[in-house]
Amino acid sequence: MPAIINLLFSIHFVHGHGCGDLQAVRQGALKVSKNNDEPIVKIRSLRFAHGTRVIFDGVDIDIPRGKITAIMGPSGTGKTTLLKLIGGQLQPNAGSVVVDGEDVNKVSRDALFRLRKRMSLLFQTGALFTDLTVFENVAFPLREHTRLPESILRDLVLMKLQAVGLRGARDLLPAELSGGMARRVALARAIALDPMMIMYDEPFTGQDPITVGVIMQLIRMLNDTLGLTSIIVSHDVHELTMICDHMYMISGGKVMGHGTPDDMAHSESGWVRQFMSGLPDGPVPFHYPAPDYADDLLAGA
Amino acid sequence: MMGWLQRLGSTSLSVFERLGRGNLFLLRILAALPSLVLRPGLVIAQLYSVGVLSMTLIVISGLNVGMVLGLQGYNTLVDFGSEESLGQLVALSLVRELGPVVAALLFAGRAGSALTAEIGLMKATEQLSGMEMMAVDPLKRVVAPRFIAGIISMPLLAAMFSAVGVLGGFFVGVGLLGVDSGAFWSQMQSKVDLYDDILNGVIKSIVFGCVAAWIAVFEGYDAVPNTEGVSRATTRTVVHTAFAVLGLDFILTALMFGDE
Amino acid sequence: MMQKRTIEIGVGVFVAAGIAALVMLAMKVSNLAAFTNQQGYEVTARFDNIGGLKERSAVTVAGVRIGRVKSIVFDDKDYEAVVTMNIESQHDRLPADTSASILTAGLLGEQYVALEPGGDEAFLKPGGDIKLTQSAIILEKMVGQFLFDKAAGGDGKKEEGAAP
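Read top to bottom, the protein sequences are chains A, B and C. Once you know that position 42 of the first sequence is 42 in the numbering used here, the rest is easy, because the numbers rise by one and skip nothing. Once you know that position 182 of the second sequence is 1182 in the numbering used here, the rest is easy, because the numbers rise by one and skip nothing. Once you know that position 17 of the third sequence is 2017 in the numbering used here, the rest is easy, because the numbers rise by one and skip nothing.
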């Protein structure tokens, strides 16, 4: 796997040259990975309402360090909202979100920004800057947060692009990329600052099988080689069971169940089993609540 | 009747809400401005899209307005035998009123709407959100440079408009209609005052620049993040800027030139 | 980084053009050129009535502008207007008995101060005072005077005619 070698090389390379800013970022990540037992994200009795619509009603989630955790649920359960709550972009109505020992809603803005440098969020659309080339997109966080010389910056960006297999696409604009390539560029940008945690928002949605395979492999590989923690929000059960270590199932603002993919497939909850195997009918009924079918038909006669 | 009153109430409430949000937003931009001292490159890039790309429109419009002023002014003045005052008429109209106001209206249409659409689309495609998650404040990185570029560009564009307009008036008046060239310039110079006219015109255009840039970036940042929301925000930018500029122009004119 | 260069050149041209326009407005369009030589000395003159004289109105000798009105204040002891003029420093040989009058350029033109040199050997010193002044001619007064004279003259003729 040449990509892995390159990634490792990138880490050594940075340390070897003693580039202050980036080293500080990495040391932060290294320091953290020592106390391995403590979950990296601890969510306690989280309540969040969008206007009058309650999205989360007392949710407890622990994201273990160094693992890939999947958060699943039907469409519209606020999975993206959860990621934004972890990133501190949204404020919960009640409860706490603690990331790496810091409550994201209580810390100062500066501390929150320092925390965000150590986590990345991969948006569903990629959210690449449309006016910058692929190269500049990946270079963006480095340019914003470090003062590396141009030559080192170039090497770093090319290494990140090599890791996602798009070193040759560096001069393209986001408009010239396919959806899958855009996501890979976004992934390269997300690992630019060597974060401790990456959150993926629906990484497989709308991609062809080859791209899905590539992204799955990248997620697994980056997680293991960089010692990351990954959170994947999705409803693609099949893909998730293949790569994740731990699963959370959310529906109706509550956690319906959690455990390893194997636990989940044999869960006692009928709802979880229905979701895992994608049955059309079960605890989640096929029919929207309605009066009795026969009565309804006769009523018109 | 009740429905009508309710609508009035909710409309005025939402107007005040937006006004409040807009003002708070302005404060946040102002707080973000000092950080730009370290990143002049960001402002330069925006000066290009806000200022340089508006230049052609401004220069052509200025030339046309100046030429029309020369022609119309001549037709009126010649009846009183005072066509020598043409230079004064063209210069005063441009420097005091038309330069700042028309340049601001054109600016809103060309650069303001583009700013709104750009920021609105960045919001709609989660680029702003993504930036925030990368621990980069979009207010500092995206909004503030555009705001400052608008404020710097506006007086320069208005000055270009006026200067080119005077030349346009000169071409028509002196070149085509035969007004004496010396009289054209000397009448102009004796009646146009550096402080009362030119400087006040520049102050006006700076004020208009602030307002136009503020409205443009606010509408973009506050846009509903979808296609329809961005298109509505773009329209609002042009309409609101036009109203604000015309209203402010009246107030500023009364303050500046009222006591003469 | 070709694009960056284009942008920088474009912005450079833009800012230069904007500043050039401002300079043109200041130098060519406005009266700045008249101010550039602010070096000079001041003399004052008192007038009963200054008519429409304004600050920065011209001060001329033999029709040539040699300075500008700097300030106009009302002296409420003598009920007179005190006009301070700034005369360019190269014109420092005005006789001490120079007189000043406020004239109008053309029938409807603006008003200015015309200085008429006298024959004194001594020159006006900076801060000096012009003693001989003639106030502005107020058109309304002249018209009133003219009508009054005309009416008075007409009556006289009639009486003369009626007497014999």
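Note that CB positions come from ideal geometry on N, CA and C, so glycine has one too. From a predicted model like this one, the values you see are computed outputs, not experimental measurements.
Check: In terms of residues, what are the limits of the beta strand (DSSP E) holding C:K2070?
Finding: Residue numbering aside, residue 2070 of chain C sits at position 70 when the third sequence is read from its first letter. From DSSP, the beta strand (DSSP E) with C:K2070 extends over 2064-2075.
Item checked: Reduced DSSP secondary structure (H/G/I, E/B, other) of B:N1023 -> Locating residue 1023 of chain B in the second sequence gives position 23, counting from the first residue. If DSSP states are grouped into helix, strand and coil, B:N1023 belongs with the helices.
Notebook entry, point to check: Going by alpha carbons, who is nearest to B:L1053 out of C:E2042, C:E2055, C:A2062, C:V2011?
Noted result: If you number the second sequence from 1, residue 1053 of chain B lands on position 53. Cα-wise, what sits closest to B:L1053 is C:V2011.
Notebook entry, point to check: Using 9 Å as the limit for Cβ to Cβ distance, is B:D1193 near chain C?
Noted result: Position 193 of the second sequence, counting from 1, holds the residue named residue 1193 of chain B. Judged by the 9 Å Cβ criterion, B:D1193 is in contact with chain C.
Notebook entry, point to check: Quick one: what does DSSP say A:R147 is sitting in, helix, strand or coil?
Noted result: The residue given as residue 147 of chain A occupies position 147 in the first sequence. In the structure shown, A:R147 sits in coil (DSSP, three-state: anything other than H, G, I, E or B).
Notebook entry, point to check: Buried or exposed: where does A:D194 fall if 16 or more other Cβ atoms within 10 Å of its Cβ makes it buried?
Noted result: Along the first sequence, read from residue 1 onward, the residue named residue 194 of chain A stands at position 194. Taking a 10 Å sphere around the C-beta of A:D194, we find 16 or more other C-beta atoms and assign the residue as buried.
Note to self: Residues in the same chain with beta-carbon distance under 8 Å from C:G2144, minus the five sequence neighbours each way, listed in chain order, please.
What the structure shows: Stepping through the third sequence from its first residue, residue 2144 of chain C is reached at position 144. Here the set comprises nothing.
Note to self: Let's test the definition: count the other Cβ atoms within 10 Å of the Cβ of B:I1058 and tell me whether it reaches 16, buried, or not, exposed.
What the structure shows: Reading the second sequence from its first residue, position 58 is the one you call residue 1058 of chain B. Around the beta carbon of B:I1058, 16 or more other beta carbons sit within 10 angstroms, so the residue counts as buried.
Next item on the list: List the residues of chain F whose Cβ lies closer than 7 Å to the Cβ of C:M2024, in chain order.
Entry: Chain labels in this structure do not include chain F; the protein chains are A, B and C.
Next item on the list: Identify the contact partners of C:A2017 in chain B, using a Cβ-Cβ distance below 8 Å as the criterion.
Entry: If you number the third sequence from 1, residue 2017 of chain C lands on position 17. Here the neighbours are M1055, L1156, M1160.
Checklist line | Residues that DSSP places opposite C:T2044 in a beta bridge | finding: The count along the third sequence starts at 1 and reaches residue 2044 of chain C at position 44. BP columns for C:T2044 point to C:T2084, C:D2129.
Notebook entry, point to check: Within 10 angstroms of its Cβ, does B:E1219 collect 16 or more other Cβ (buried), or is it exposed?
Noted result: Numbered from 1 along the second sequence, position 219 holds the residue referred to as residue 1219 of chain B. Classification of B:E1219: buried, given that the 10 Å Cβ count is 16 or more.
Next item on the list: Find out if the Cβ-Cβ distance for the pair A:F275, A:S251 is shorter than 9 Å.
Entry: For the purposes of this step, residue 275 of chain A is taken as the residue at position 275 of the first sequence. For the purposes of this step, residue 251 of chain A is taken as the residue at position 251 of the first sequence. With respect to the 9 Å criterion, A:F275 and A:S251 are classified as neighbours on the basis of their beta carbons.
Check: Quick one, which of C:L2022, C:F2014, C:P2126, C:K2004 has its alpha-carbon nearest B:N1200's?
Finding: Translated into positions along the second sequence, residue 1200 of chain B becomes position 200. Nearest to B:N1200 by C-alpha distance, out of C:L2022, C:F2014, C:P2126, C:K2004, is C:L2022.
Next item on the list: Return helix, strand or coil for B:K1140, following the three-state DSSP convention.
Entry: In the second sequence, the residue the question calls residue 1140 of chain B occupies position 140. Helix at B:K1140.
Notebook entry, point to check: For A:P289 and chain B, any beta-carbon pair shorter than 9 Å?
Noted result: As a first step, residue 289 of chain A must be located in the first sequence, where it is residue number 289. Answer no: the Cβ-Cβ gap between A:P289 and chain B never drops below 9 Å.
Note to self: With H, G and I counted as helix, E and B as strand and the rest as coil, what does DSSP make of B:R1236?
What the structure shows: Numbered from 1 along the second sequence, position 236 holds the residue referred to as residue 1236 of chain B. In this structure, B:R1236 counts as helix in the three-state DSSP scheme.
Next item on the list: Check whether the segment 144-158 of chain A touches the segment 1132-1150 of chain B, counting contact only when three or more Cβ pairs, one atom from each stretch, lie closer than 8 Å.
Entry: Of all C-beta pairs linking the segment 144-158 of chain A to the segment 1132-1150 of chain B, three or more are shorter than 8 Å, placing the two stretches in contact.
Margin query: Contact criterion: CB-CB distance below 9 Å. Does A:G168 meet it with respect to chain B?
Written below: Position 168 of the first sequence, counting from 1, holds the residue named residue 168 of chain A. For A:G168, the answer is no, since every Cβ of chain B falls outside 9 Å of its Cβ.
Item checked: Beta-carbon gap between C:N2098 and C:I2130 smaller than 9 Å -> Residue numbering aside, residue 2098 of chain C sits at position 98 when the third sequence is read from its first letter. Residue numbering aside, residue 2130 of chain C sits at position 130 when the third sequence is read from its first letter. Residue identity differs from the one stated: residue 2098 of chain C is Thr in this sequence, not Asn. Cβ distance < 9 Å, so C:T2098 and C:I2130 count as in contact.
Next item on the list: Please list the segments of the alpha helix (DSSP H) lying wholly inside the segment 1073-1111 of chain B, counting only runs of 4 or more residues, in order along the chain.
Entry: For the segment 1073-1111 of chain B, the full-length alpha helix (DSSP H) segments reaching 4 residues or more read 1086-1092, 1099-1107 along the chain.
Next item on the list: Would you mind reading off the limits of the alpha helix (DSSP H) that contains C:L2124?
Entry: Here the question's residue 2124 of chain C lines up with position 124 in the third sequence. Element bounds for C:L2124: n/a, residue is neither H nor E.
Margin query: Less than 9 Å between CB atoms is the rule here; does A:G364 satisfy it with respect to chain B?
Written below: Chain A is shown only over 1 to 301; residue 364 of chain A falls outside these bounds and no answer can be derived.
Margin query: If we define contact as Cβ-Cβ less than 9 Å, is A:A163 a contact residue for chain B?
Written below: Here residue 163 of chain A corresponds to residue number 163 of the first sequence, with the count starting at 1. With respect to chain B, the C-beta atom of A:A163 has no partner C-beta closer than 9 Å.
Item checked: Against chain B: residues of the segment 127-150 of chain A by CB proximity under 8 Å -> Result list: A127, L128, F129, T130, F140, P141, E144, H145.
Next item on the list: State yes or no: is the beta carbon of B:M1002 nearer than 9 Å to at least one beta carbon in chain A?
Entry: Here residue 1002 of chain B refers to the residue found at position 2 of the second sequence. Chain A has no Cβ within less than 9 Å of the Cβ of B:M1002.
Check: For A:I312, which of helix, strand or coil comes out of DSSP?
Finding: This structure leaves residue 312 of chain A out entirely; chain A is present only between 1 and 301.
Margin query: Just to confirm, is the Cβ distance from A:L82 to A:I68 under 9 Å?
Written below: For the purposes of this step, residue 82 of chain A is taken as residue 82 along the first sequence, with counting starting at 1. For the purposes of this step, residue 68 of chain A is taken as residue 68 along the first sequence, with counting starting at 1. Cβ atoms of A:L82 and A:I68: not closer than 9 Å.
Checklist line | Any chain C beta carbon closer than 9 Å to B:L1047 | finding: Numbered from 1 along the second sequence, position 47 holds the residue referred to as residue 1047 of chain B. Interface flag for B:L1047 against chain C is set, since a Cβ pair is found closer than 9 Å.
Note to self: Assuming the contact rule is C-beta atoms closer than 8 Å, B:R1018 and B:L1139 should be a hit. Round their C-beta distance to whole Å, please.
What the structure shows: In the second sequence, the residue the question calls residue 1018 of chain B occupies position 18. In the second sequence, the residue the question calls residue 1139 of chain B occupies position 139. The beta-carbon distance between B:R1018 and B:L1139, rounded to whole angstroms, is 18 Å. This is too long to meet the 8 Å contact definition.
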